[in-house]
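*Asks:*
2 protein chains.
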Amino acid sequence: MEKAENINLHMREIEDHFKAAISVDCVIFGYDESELKVLTLDCNMDPYLGLPSLLGDLVKNDENLDEAATRILYQRTGITDVFLEQVKAFGELDRHPMGRVVTIAYYALIKVDEYGQNGMESKHNAKWRTIGSLKEMAFDHKKILNASLHLLRKRLIEYPLWMKLLPEHFSLPELQNLFEAVLAKPLDKRNFRKKISKLGIIKEVGKKQEDVPHRPAKLYAVNEKKLREDYSFLLKNPFVS
Amino acid sequence: MEKAENINLHMREIEDHFKAAISVDCVIFGYDESELKVLTLDCNMDPYLGLPSLLGDLVKNDENLDEAATRILYQRTGITDVFLEQVKAFGELDRHPMGRVVTIAYYALIKVDEYGQNGMESKHNAKWRTIGSLKEMAFDHKKILNASLHLLRKRLIEYPLWMKLLPEHFSLPELQNLFEAVLAKPLDKRNFRKKISKLGIIKEVGKKQEDVPHRPAKLYAVNEKKLREDYSFLLKNPFVS
DNA sequence: TCAAAAGTGTTCCAGTTACACCCATGA
DNA sequence: TCATGGGTGTAACTGGAACACTTTTGA
Chain A
592 MEKAENINLH
602 MREIEDHFKA
612 AISVDCVIFG
622 YDESELKVLT
632 LDCNMDPYLG
642 LPSLLGDLVK
652 NDENLDEAAT
662 RILYQRTGIT
672 DVFLEQVKAF
682 GELDRHPMGR
692 VVTIAYYALI
702 KVDEYGQNGM
712 ESKHNAKWRT
722 IGSLKEMAFD
732 HKKILNASLH
742 LLRKRLIEYP
752 LWMKLLPEHF
762 SLPELQNLFE
772 AVLAKPLDKR
782 NFRKKISKLG
792 IIKEVGKKQE
802 DVPHRPAKLY
812 AVNEKKLRED
822 YSFLLKNPFV
832 S
Chain B
592 MEKAENINLH
602 MREIEDHFKA
612 AISVDCVIFG
622 YDESELKVLT
632 LDCNMDPYLG
642 LPSLLGDLVK
652 NDENLDEAAT
662 RILYQRTGIT
672 DVFLEQVKAF
682 GELDRHPMGR
692 VVTIAYYALI
702 KVDEYGQNGM
712 ESKHNAKWRT
722 IGSLKEMAFD
732 HKKILNASLH
742 LLRKRLIEYP
752 LWMKLLPEHF
762 SLPELQNLFE
772 AVLAKPLDKR
782 NFRKKISKLG
792 IIKEVGKKQE
802 DVPHRPAKLY
812 AVNEKKLRED
822 YSFLLKNPFV
832 S
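Protein chains in written order, with this note's numbering: chain A, 592 to 832; chain B, 592 to 832.
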């Protein structure tokens, strides 16, 4: 009796209670020209007109949060098979001028060369901007970006996530530049190479850089076999376990 | 013109769009009798009748997520000044039988002795259960617990969060037991003591255990001065930076 | 032959692990 | 005096940090 009342009360609460819109915002990281970049739009909403914003959308009623993030990525970039991980929820009262919108932040890692091939950048008005150039952003997106970058730095040290940002063939100097760009600090070349080679998850492809005005670097690719043995979750499931 | 339309479209989307209820669920950790425990309720909702559940509530329209978590803690335990950190959002479609409820998980660390003094346990029907005993839980709360425990383990290694779980005066064996309970693995006594003493954030209080049938252990307390120097954020702001 | 970046090993220090015995207390 | 857990140091190992010169290519 009392229990049934409790349940009814609870049902009513959910039915009648203030409900908020739920959105997903994606911090889409790319690595290009030795710099870490984020895909942004120009905000078209007061009072943030013209400021860079992340790519986001409201969550639909038939998709869970991961699916919403995947959909947004696909709609905005045409890319599937993306590495995505949830960062956290942001729910300040005043974070959205149109009302209460709680947003779930995700970060994504994509290969800029594949994205560029689809020619999606101009189609969707999305712009790659370097991390350093993003001083002011729309909504609380700067806060979201900072939290995402913080997480990315931790993840990059723990897991070989860099493979999600690089083209199929890459050189060790490129890889080191990527680390330096993400971690925002210089690394020792010899120590870096030692650490990478001990991981054993890259292999030479027998090619070299071309058209460079200096000694060309050897090119490497991810060693899928070794990767499967040590980090199978990175292949199977795009979401870090 | 086009922009204004866009904004109107966006407003309408937020106004009209499917909105979900947003809740906060708290994984309240406590340490007692050499075991890591979680504060739970008995679920009174089908189909989870009688299963242990976390303490949660819907988020109100005038509070942000952190405030909601703090309020839930206070209402359920009477404790203020709690250490809280967001874990992540959980938003599976079928996670709540009454409809779409996206929940934001937090974990909290409280001192069981203070909580017990308030006599809140019986008043609120909340029960301390050991981690090991929680095999099946209501909703997706087992998943939430696992994610929270995972985060706690990482945090405990990085920061002296254990001070949030221990009484004012504690012994080194107690502290080591806490680590072993959270990490679920045995630690070497001498190495453990070396590491703790090198941190320099605890000091002897000049007392010993009483009423133990063996050599009594020395009691320690947190060295607030050193803590302020090294981890001021743990005192100022309950949320990990 | 020069400029520019690629590539390569060794030494040192610090932090982690492994390990065994004596001590203080109450019964 | 015995049982129980508290308290202590050292040696080997491992991972990270510092560091400078030779090689390969295109211009």
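In this text, a Cβ means the ideal position worked out from N, Cα and C, and glycines have one as well.
1. Does the Cβ-Cβ distance between B:L632 and B:L649 come in under 8 Å?
2. Considering only the alpha carbon of each residue, which of B:A611, B:R744, B:L700, B:M689 lies closest to B:M754?
3. If you draw a straight line from the C-alpha of A:G797 to the C-alpha of A:H760, how long is it?
4. Is A:V703 helix, strand or coil when you go by DSSP?
5. Is A:A696 closer than 8 Å to A:V629 when the C-beta atoms are compared?
6. Count the other CB atoms within 10 Å of the CB of B:H741; is the residue buried (16 or more) or exposed (fewer)?
7. Step through the CB atoms of chain B and report whether any lies within less than 8 Å of the CB of A:E795.
8. Along the segment 677–692 of chain A, what residues have a CB closer than 7 Å to any CB found in chain B?
9. Excluding sequence positions up to five away, which residues of its chain have a Cβ less than 6 Å from the Cβ of A:V692?
10. So, at 8 Å on beta carbons, what are the nonlocal neighbours of B:P807 in its own chain, with the 5 sequence-adjacent residues on each side left out?
11. Secondary structure at B:G621, three-state DSSP: helix, strand or coil?
12. DSSP three-state call for B:F609: helix, strand or coil?
13. In or out: B:G791 buried (at least 16 other Cβ within 10 Å) or exposed?
14. Just to check my reading of the structure: B:Y698 and B:L743 have Cβ atoms closer than 8 Å, yes? What is that Cβ distance to the nearest angstrom?
15. Taking C-beta pairs closer than 9 Å, name the residues in chain B that A:K651 reaches, listed in chain order.
16. Note down, in chain order, each residue of its chain lying with its Cβ closer than 7 Å to the Cβ of A:T671, except the 5 sequence neighbours on either side.
17. Nearest chain A C-beta to B:V618 closer than 8 Å, yes or no?
18. In the DSSP assignment, what are the bridge partners of A:L643?
19. Against B:I695, what residues of chain A qualify as contacts under a CB-to-CB distance less than 9 Å, listed in chain order?
20. What is the DSSP secondary structure of B:T668, reduced to helix, strand or coil?
21. Check whether the Cβ of B:L736 lies closer than 8 Å to any Cβ atom in chain A.
22. For B:N814 and chain A, any beta-carbon pair shorter than 8 Å?
23. Could you name the residues of the same chain whose beta carbon sits closer than 8 Å to that of B:E654, not counting the 5 residues immediately before and after it, in chain order?
24. If you scan the segment 780–832 of chain B from start to end, which runs of the alpha helix (DSSP H) of 4 or more residues do you find wholly inside it?
25. Along the segment 714–725 of chain B, what residues have a CB closer than 9 Å to any CB found in chain A?
26. Using the DSSP secondary-structure output, state which residues sit across from B:L649 in a beta bridge.
27. Quick check: is the beta carbon of A:M592 nearer than 8 Å to any beta carbon in chain B?
28. Which same chain residues end up closer than 8 Å to B:I787 when comparing Cβ atoms and leaving out the 5 residues on each side of it in sequence?
29. Quick check: the Cα distance between B:M728 and B:I735, rounded to an integer number of angstroms?
30. Starting from A:N655, find everything on chain B with Cβ-Cβ shorter than 8 Å and list it in chain order.
31. With DSSP run on the structure shown, which of helix, strand or coil describes B:E683?
32. I'd like to know whether the C-beta atoms of B:T694 and B:D616 end up nearer to each other than 8 Å.
33. Pick from B:E771, B:G690, B:L757, B:K776: whose alpha carbon is nearest that of B:K610?
34. If the criterion is Cβ atoms closer than 8 Å, does the pair A:F770 and A:D731 meet it?
35. Along the chain, where does the alpha helix (DSSP H) containing B:R744 start, and where does it finish?
36. Does the Cβ-Cβ distance between A:K679 and B:Q677 come in under 8 Å?
*Replies:* Let's see:
1. Sequence index remark: in the second sequence, residue 632 of chain B carries index 41 (1-based). Sequence index remark: in the second sequence, residue 649 of chain B carries index 58 (1-based). It is not a contact, given that the beta carbons lie outside the stated cut-off.
2. The residue labelled residue 754 of chain B in the question sits at position 163 within the second sequence. Across the set B:A611, B:R744, B:L700, B:M689, the C-alpha of B:L700 shows the shortest separation from the C-alpha of B:M754.
3. Translated into positions along the first sequence, residue 797 of chain A becomes position 206. Translated into positions along the first sequence, residue 760 of chain A becomes position 169. Distance between the alpha carbons of A:G797 and A:H760 is about 10 Å.
4. Along the first sequence, read from residue 1 onward, the residue named residue 703 of chain A stands at position 112. Note: A:V703 maps to helix in three-state DSSP.
5. Numbered from 1 along the first sequence, position 38 holds the residue referred to as residue 629 of chain A. Numbered from 1 along the first sequence, position 105 holds the residue referred to as residue 696 of chain A. Contact flag unset, no.
6. Residue 741 of chain B sits at position 150 when you count from the first residue of the second sequence. Classification for B:H741: exposed.
7. As a first step, residue 795 of chain A is located in the first sequence; it is residue number 204 there, counting from the start. Closer than 8 Å: no.
8. Q677, K679, A680, G682, E683, L684, M689, G690, R691, V692
9. What you label residue 692 of chain A is simply residue 101 of the first sequence in a count that begins at 1. Only A612, S614 meet the Cβ criterion.
10. Counted from its first residue, the second sequence places residue 807 of chain B at position 216. Closer than 8 Å at Cβ, skipping near neighbours: K799, Q800, E801.
11. Within the second sequence, numbered from 1, the residue matching residue 621 of chain B stands at position 30. Of the three classes helix, strand and coil, the one that applies to B:G621 here is strand, per DSSP.
12. The residue you call residue 609 of chain B lines up with position 18 of the second sequence. The answer is coil: DSSP assigns B:F609 none of H, G, I, E or B.
13. Walking along the second sequence from the start, residue 791 of chain B turns up at place 200. By the 10 Å Cβ count, B:G791 comes out exposed.
14. Residue mapping note: residue 698 of chain B aligns to position 107 of the second sequence, counting from 1. Residue mapping note: residue 743 of chain B aligns to position 152 of the second sequence, counting from 1. With a Cβ gap of about 6 Å, B:Y698 and B:L743 count as contacting.
15. Here the question's residue 651 of chain A lines up with position 60 in the first sequence. Result: H608, F609.
16. Sequence index remark: in the first sequence, residue 671 of chain A carries index 80 (1-based). For A:T671, where only same-chain residues beyond five positions count, the Cβ hits under 7 Å are Y665.
17. Position 27 of the second sequence, counted from the first residue, corresponds to residue 618 of chain B. Not closer than 8 Å to any Cβ of chain A, the Cβ of B:V618 fails to qualify, so no.
18. Here the question's residue 643 of chain A lines up with position 52 in the first sequence. First, the residue type needs correcting, since residue 643 of chain A is Pro and not Leu in the sequence shown. According to DSSP, A:P643 bridges with A:D633.
19. Here residue 695 of chain B refers to the residue found at position 104 of the second sequence. Near B:I695 (Cβ distances below 9 Å), the residues of chain A are K679, A680, G682, V693, I695.
20. Along the second sequence, read from residue 1 onward, the residue named residue 668 of chain B stands at position 77. Helix.
21. For the purposes of this step, residue 736 of chain B is taken as residue 145 along the second sequence, with counting starting at 1. So no, B:L736 is outside the interface.
22. Within the second sequence, residue 814 of chain B is the residue found at index 223, counting from 1. No - not a single Cβ of chain A is within 8 Å of the one on B:N814.
23. The sequence position of residue 654 of chain B within the second sequence is 63, counting from 1. Hits under 8 Å: R662.
24. 780–790, 815–827
25. none
26. Within the second sequence, the letter at position 58 stands for residue 649 of chain B. Answer is B:S614, bridged to B:L649.
27. Walking along the first sequence from the start, residue 592 of chain A turns up at place 1. Low local confidence applies: a pLDDT of 42 at A:M592 is under 50, so the model's placement there is unreliable, and no value is given.
28. Position 196 of the second sequence holds residue 787 of chain B. If we look at B:I787 and ignore the five residues flanking it on each side, its Cβ neighbours are L763, L766, I793.
29. Sequence index remark: in the second sequence, residue 728 of chain B carries index 137 (1-based). Sequence index remark: in the second sequence, residue 735 of chain B carries index 144 (1-based). Approximately 10 Å, taken between the alpha carbons.
30. In the first sequence, residue 655 of chain A corresponds to position 64, counting from 1. Correct list: G682, E683, L684.
31. Residue mapping note: residue 683 of chain B aligns to position 92 of the second sequence, counting from 1. Here B:E683 sits in coil by DSSP.
32. Residue numbering aside, residue 694 of chain B sits at position 103 when the second sequence is read from its first letter. Residue numbering aside, residue 616 of chain B sits at position 25 when the second sequence is read from its first letter. Yes. Within cutoff.
33. Counted from its first residue, the second sequence places residue 610 of chain B at position 19. Minimum Cα distance to B:K610 is reached at B:G690.
34. Within the first sequence, residue 770 of chain A is the residue found at index 179, counting from 1. Within the first sequence, residue 731 of chain A is the residue found at index 140, counting from 1. Not in contact: A:F770 and A:D731 (Cβ atoms no closer than 8 Å).
35. The count along the second sequence starts at 1 and reaches residue 744 of chain B at position 153. Residues 732–749.
36. On the first sequence, position 88 is the one that residue 679 of chain A refers to. On the second sequence, position 86 is the one that residue 677 of chain B refers to. In this structure, B:Q677 lies closer than 8 Å to A:K679 by Cβ.
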